[in-house]
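To start, the structure itself, in structure tokens.
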Amino acid sequence: MTTFRELIDSSRVIICAGSGGVGKTTTAAVLAIDAARAGRRAVVVTIDPAKRLADALGLPALAPDPVVIDPAHWSREDSVPGGRLSAMMLDPKATFDALVARHAADDAQATRILENGFYRTISSALGGTQEYMAMEKLHELHEDGDDDLIVIDTPPSRHALDFLDAPERLLRLLDNRVFRVLIAPARTGLRVAGVAVQALVRTASRVVGTEVVDDIVAFFRAFEGMEEGFRERARRVRQVIGEPTTQFVLVTSPRRDAVLEAEHFAQAIGDHGYRVAGLVVNRVHPQFGTGRGDVLHARGAALRDLPRADAAVTAARHRLADRLETLGDFQEVAARERRHLEGVRLRLGTGAAVAFVPFLPHDVHDVGALDAIARRLLDDDGT
Amino acid sequence: MDQRRFCTSARVVVVAGKGGVGKTTVTAALAVLAARLGLRVLVVEVEGKSGLASAFGVPDLTYREIDLAPGVRGRTLTPDEALVDWLEGNGFGRIARRLGTTGLLDVIATAVPGMKDILVLGKVKSIEMGGTFDLILVDAPAAGHALSFLTSPLGLLDAVAVGPIRHQAADVVALLSDPTRCQVLLVTAPEETPVREATETAFALEDRVGVSLMPVVVNGLYPEVGAPDADATPAAIAADATLIDLPLSVAEVEDLAAATAFRRSRRAVQRAQAERLAAALPLAQLHLPFIFDADIGRPQIEVLATALGAAIDALDDPGAP
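If you read the sequences in order, they're chains V and F.
First residue of the first sequence? That's 16 in the numbering used here, and the numbers climb one at a time after it.
First residue of the second sequence? That's 11 in the numbering used here, and the numbers climb one at a time after it.
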């Protein structure tokens, strides 16, 4: 089994995936900080970091490009010199705007698109835009070559791996046949084919009003000629993801539903032809010794059921029953979590790095707590 | 507060919260509680598989209603289904399929922000008007999406000037802004990030949607075991064991002490977070316990429904006679 140390050292890109609320952002930050401490130039791209985490890193709110984080926030005595940590909170709309500006033939085309109502909707409200822009940013940073390691924190999503399909999905939308035909009359004699389409569009106008439809048509007209650039871009994003130095790290919590989701993710990543290189299980309940939960609970209950005795003895029995039941609770939850995780570990195969990060007695929102996680991630490989 | 009053304060209750806080579990517990009071309950899943089905121990929910528990029915109401349903119901049946196959529908649904959300909420509204159910629980998409889910009708009123979709949006806005018809139940966990997100979502919902908020559910608090200040050091535990002649090994004593210390530390964090939430968000709180002994299934939902009932009993009722 590989370790996270090896995984980080051998990667140029790490994509953190997992469902919401499992500590994906924290994990992404820990991986990038570690690379920076090892003397590499690392950048972490997050979608919506916990505010306190952002504060701990001195991270400004939204920025179109990564900002270098003051080493005071992350460097340690044993850090290898030359390391650099940058971070950014992705602004999907700004990223999309930049993408349009890059691919437009001239400023006039860019302006027409940026001011179009339909564009404003897809660039800010469309499900999948965040995912697409995360991938777009990944590609851009990868091209720039300014960093040795790019860690991407993918948007929380129910729909497994939206970010893998996002570029294609947007392309399909932009490629819509109906609209190709619709804008055609402006060019050559495709008017005949347009008749049936016009009927459809009339219907659409009846549903949502002509203004909306006009906006859409205007958008497709304005967008003409840019599809090729976008398609090429999507192809290259796929290429970056497919490189052997790009690794997927799955992040999950040990709850049954989260583990099932993680297995589903692993499967989907596999179906796309990629492999999960690491699994981070956050917030694993601690296990105290080897006692069994049910046995401990039974012992507690037996103490409570004993016949009456003098006050001091009764009080001691109840206190001990409290202790036994408290321990029993944690042993039950810990045993259950371990059972859930067995399956996902086996399915990931023996090559994957696995780390269990314990549920800390406190919440994680400063670098000290990040360090506690880093230690578990890097020094203790799932054993 | 009277449980029945709580469960009938609005016929439509949208349950919202960040991923991983137990939104679906709370939805299920409230459904069971309301059904125990004799109310006819419908649970609606609007975004993919939410785990509602497994909480009730049934196979996946479908667009067609099924029984989940006595008095509780369940169904999905996904945007795509709602869209086709709506088109057919509005006389676009024949062309609806062609709109679909050409992909035009996707483009249009994309062009109109939240169009699909409005159709989902519109469908919820027609179920509400139908009067078959006393309580309709909508298991909303995860927090950020819940906000756009509920703000979309207003946005659409801005974007679309005419047409049946606009009517639909206006109807939905009327539903959302009438506290006797619809309220939002926010669910959070007693932790840093969920508390912050719940606070932000609450203010955004009130400011931007004008929807009424019910007490906020704080889910997963460790229950207290025994007196919180009882001495639980290894020495105290060993002394108690000696007193009552309970054979405990040194390791066992240490495990008992460590587990108690951990629980108390976590509990302190949880209580602090619940207080932080109370300070930031002037809403009453309903506390639900963390379930140690098993994954969430039917028996745990019953336990939580009882706990929810007790928490509601303990609420002040400003409107009580």
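All C-beta atoms, glycine included, are put in the ideal place defined by N, C-alpha and C.
Inset, instruction - State the CB to CB distance for the pair proline 81 of chain V and valine 58 of chain V, rounded to an integer number of angstroms; the pair is presumed to be in contact (CB under 8 Å). - result: 5 Å
Inset, instruction - With threonine 171 of chain F as the anchor, note down where its beta strand (DSSP E) starts and where it stops. - result: Note that residue 171 of chain F is alanine in the sequence shown, not threonine. Premise fails: alanine 171 of chain F is in no beta strand (DSSP E) and is neither H nor E.
Inset, instruction - Output, in chain order, the set of chain V residues within a Cβ distance shorter than 8 Å of valine 332 of chain F. - result: Only positions 11 to 331 of chain F appear in the structure, and residue 332 of chain F is not among them; the question remains open.
Legend entry - Those residues which DSSP pairs with arginine 85 of chain F across a bridge: F:Val54
Legend entry - Validate contact between the stretch 288-307 of chain V and the stretch 222-230 of chain F using beta carbons, cut 8 Å, 3 pairs: no
Inset, instruction - Using the Cα positions of histidine 157 of chain V and arginine 246 of chain V, report the straight-line distance between them to the nearest angstrom. - result: 18 Å
Legend entry - Cβ neighbours of alanine 248 of chain F in the same chain (closer than 6 Å, five flanking residues each side left out): Val263
Inset, instruction - Would you mind sorting valine 83 of chain V into buried or exposed? The rule is 16 or more other CB atoms within 10 Å of its CB. - result: exposed
Legend entry - Candidates F:Asp305, F:His297 and F:Glu312: closest to alanine 10 of chain F by CA position: The requested residue 10 of chain F does not occur in the structure, where chain F is confined to residues 11 to 331.
Inset, instruction - Would you list the one or two residues that DSSP bridges to leucine 291 of chain F? - result: Bridge partners of leucine 291 of chain F: none, in fact.
Inset, instruction - Could you spell out where the alpha helix (DSSP H) holding proline 269 of chain V opens and where it closes? - result: Counting along the chain, proline 269 of chain V falls outside any alpha helix (DSSP H), and DSSP gives it neither H nor E.
Inset, instruction - Would you kindly work out how many angstroms separate the C-alpha atoms of serine 101 of chain V and lysine 126 of chain F, rounded to a whole number? - result: 38 Å
Legend entry - Nearest neighbour of arginine 50 of chain F, chosen from F:Lys33, F:Val24, F:Ala26 and F:Cys17 [CA to CA]: F:Cys17
Inset, instruction - Pull up the DSSP beta-bridge partners for serine 222 of chain F, would you. - result: F:Gln193
Legend entry - Euclidean distance between Cα positions of proline 89 of chain F and valine 56 of chain F: 7 Å
Inset, instruction - Mind checking the stretch 231-257 of chain F against chain V and listing, in chain order, the residues whose C-beta falls within less than 7 Å of any C-beta there? - result: Val235, Gly236, Ala240, Ala242, Ile247, Asp250, Ala251, Leu253, Ile254 and Leu256
Legend entry - the stretch 31-48 of chain V / the stretch 252-268 of chain V touching (three or more Cβ pairs under 8 Å): yes
Legend entry - Buried or exposed by the 16-neighbour rule on C-beta atoms within 10 Å, applied to serine 268 of chain V: buried
Legend entry - Three-way DSSP call (helix, strand, coil) for threonine 261 of chain V in this model: strand
Inset, instruction - Closer than 7 Å by C-beta to methionine 148 of chain V: which residues in its own chain qualify, once you throw out the five before and the five after it? Chain order, please. - result: Leu105, Pro107, Thr110 and Phe111
Inset, instruction - Give me the Cβ distance between valine 182 of chain F and glycine 113 of chain F, rounded to the nearest whole Å; I'm assuming they're in contact under 8 Å. - result: With a Cβ gap of about 26 Å, valine 182 of chain F and glycine 113 of chain F do not count as contacting.
Inset, instruction - Specify the secondary structure class of leucine 147 of chain F as computed by DSSP and reduced to three states. - result: strand
Legend entry - Identity of the residue in V:Ala249, V:Leu335 and V:Leu215 nearest arginine 187 of chain V by Cα: V:Ala249
Inset, instruction - Return no unless some Cβ of chain F is closer than 8 Å to the Cβ of threonine 218 of chain V. - result: yes
Inset, instruction - State yes or no: is the beta carbon of leucine 114 of chain F nearer than 8 Å to at least one beta carbon in chain V? - result: yes
Inset, instruction - Identify the continuous beta strand (DSSP E) that holds glycine 293 of chain V and give its terminal residues. - result: 291-299
Legend entry - Nearest residue (CA-CA) to methionine 139 of chain F, options F:Gly236, F:Gly30, F:Val31 and F:Arg21: F:Arg21
Inset, instruction - Identify which residue in F:Gly29, F:Tyr73 and F:Ala92 has its Cα closest to the Cα of alanine 273 of chain V. - result: F:Gly29
Legend entry - the stretch 224-237 of chain V / the stretch 171-180 of chain F touching (three or more Cβ pairs under 8 Å): yes
Inset, instruction - Using only alpha-carbon positions, find the residue among F:Ala320, F:Gly141 and F:Ala315 that is nearest to threonine 34 of chain F. - result: F:Ala315
Legend entry - 7 Å CB neighbourhood of methionine 150 of chain V in its chain, flanking five on each side removed: Phe178, Ala181, Pro182 and Val252
Inset, instruction - Could you confirm whether any beta carbon from chain F is found closer than 8 Å to the beta carbon of serine 25 of chain V? - result: no
Inset, instruction - Assign isoleucine 30 of chain V to one of three DSSP states: helix, strand, or coil. - result: strand
Inset, instruction - Ignoring anything shorter than 3 residues or poking outside the stretch 216-279 of chain F, list the beta strand (DSSP E) runs there in chain order. - result: 226-231
Legend entry - Unbroken alpha helix (DSSP H) run spanning serine 139 of chain V, endpoints: 132-139
Legend entry - C-alpha distance - arginine 236 of chain V paired with glycine 38 of chain V, whole-angstrom precision: 43 Å
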